[in-house]
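Residues 1 to 268 in full-length UniProt numbering are what the sequence shown lists, from first letter to last.
Cβ atoms here follow ideal geometry from the backbone N, Cα and C, with glycine treated the same way.
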Amino acid sequence: MDGKLLILNILFGVLCLYGLQAEPLTGEKVEKISRSASFKQVVSISHIKKKTGRGDTQICSGILISPQHVLTTERCLLNEDLGGLVVYIGSASLRGSKPYYLCGRISYSQQNVEETVNRALNYEIHDIAVVQLCEVVDMSVRGPHLSKSTITDLEGKQAIMIGWGKTDDDNLKYYKTRATVTVLPKEVCQLITNWRSFDTDRLICTFADPHVLATPRDYGGPLFVSHSNSLAGLTTGIYEKSGVYSPGVNIHANLTFYKDFIHQFSIP
């Protein structure tokens, strides 16, 4: 057995169940994004504090894809009343961002009901949704271009994960954070997704050493291709304690697969 197959078999044997328990975006190489930096289109989705009408608790991240639409994960919106949510847009800091309220939502699963056999399973497979803002965002905050790269094109390439989590010392929870990761070979993703009955065409897997792991408040955050700054993925979860890739790998929806759904709402 060659070294590559041995590594893949070890990975397959020690993967743990899909985890949601970790603390927000962690890792030694997680950086705070400065106020003057780009990525203004990366948003925070929060619960509204009843007394003040402002965001109270961050629940996930998202990416502005048009002046009135935000792409995020479907899991972020499950069992949520849109009237109880607010989206912060326009700054690297929550305190400097403007709140926008939500008027509608649609998921890929809702638009493709013919694919739905088991609703819970379908949401896990197609963890993609769009929310509509009640007002139009200032056009100085522009949505990203979708990457045209295939998963094979991205293998071994560096990418940038962005979210609204915190580092291990919990000092950055009010700021956007970023980290550089590497897109894993398709064979690794194939083993992971076969084990979970997922189709690799829908997924991108990333890893970093020293480690970088997304967590719930980062879910819905974008994965940008480093060399082109184009949008390739949407963070949807992690696999923890994955053997040679310990302490875990990040899982992202492959947005090339969902381009037709996204283009209904985004600027061409």
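{"Item": "Inter-residue Cα distance where the pair is F39 and A92", "Value": "8 Å"}
{"Item": "Cα-Cα separation between L146 and T256, rounded to whole angstroms", "Value": "7 Å"}
{"Item": "For I204, the nearest candidate out of L184, T177, S228, R95 (CA to CA)", "Value": "L184"}
{"Item": "Which of helix, strand or coil DSSP assigns to F207", "Value": "strand"}
{"Item": "Contact check, L223 vs L213, beta carbons under 8 Å", "Value": "no"}
{"Item": "Within 8 Å, strictly: CB atoms of R217 and I89", "Value": "no"}
{"Item": "Cβ pair count under 8 Å reaching 3, the region 129-144 against the region 238-252", "Value": "no"}
{"Item": "Through-space distance from Q190 to H211, alpha-carbon basis", "Value": "21 Å"}
{"Item": "Distance cut-off 7 Å: W164 Cβ against heavy atoms of the ligand MN", "Value": "Judged by which ligands are present, the structure shown has none, so any question about the ligand MN falls away."}
{"Item": "Residue range of the alpha helix (DSSP H) that includes residue 270", "Value": "Absent from the structure is residue 270, since the part of the chain shown begins at 1 and ends at 268."}
{"Item": "H126 (DSSP reduced to helix, strand or coil)", "Value": "coil"}
{"Item": "Cα-Cα separation, V249 to S109", "Value": "25 Å"}
{"Item": "Secondary structure of L147, DSSP reduced to three states", "Value": "Looking at the sequence shown, residue 147 is not Leu but Ser. Here S147 sits in coil by DSSP."}
{"Item": "Sheet register partners of N250 (DSSP bridge)", "Value": "T206, I238"}
{"Item": "Buried/exposed call for N79, threshold 16 Cβ in 10 Å", "Value": "exposed"}
{"Item": "Rounded Cβ spacing between S46 and L85 (contact assumed at less than 8 Å)", "Value": "7 Å"}
{"Item": "Beta bridge counterpart(s) of R105 as assigned by DSSP", "Value": "V131"}
{"Item": "Length of the line joining the Cα atoms of V87 and G104", "Value": "13 Å"}
{"Item": "I33, DSSP secondary structure in three states", "Value": "coil"}
{"Item": "Whole-Å CB distance - Q158 paired with T182, under 8 Å assumed", "Value": "6 Å"}
{"Item": "For T177, the three-state DSSP class (helix, strand or coil)", "Value": "strand"}
{"Item": "Inter-residue Cα distance where the pair is L77 and G156", "Value": "32 Å"}
{"Item": "Distance between beta carbons of T73 and G220, contact taken as under 8 Å", "Value": "5 Å"}
{"Item": "H126 versus R202 - alpha carbon distance", "Value": "8 Å"}
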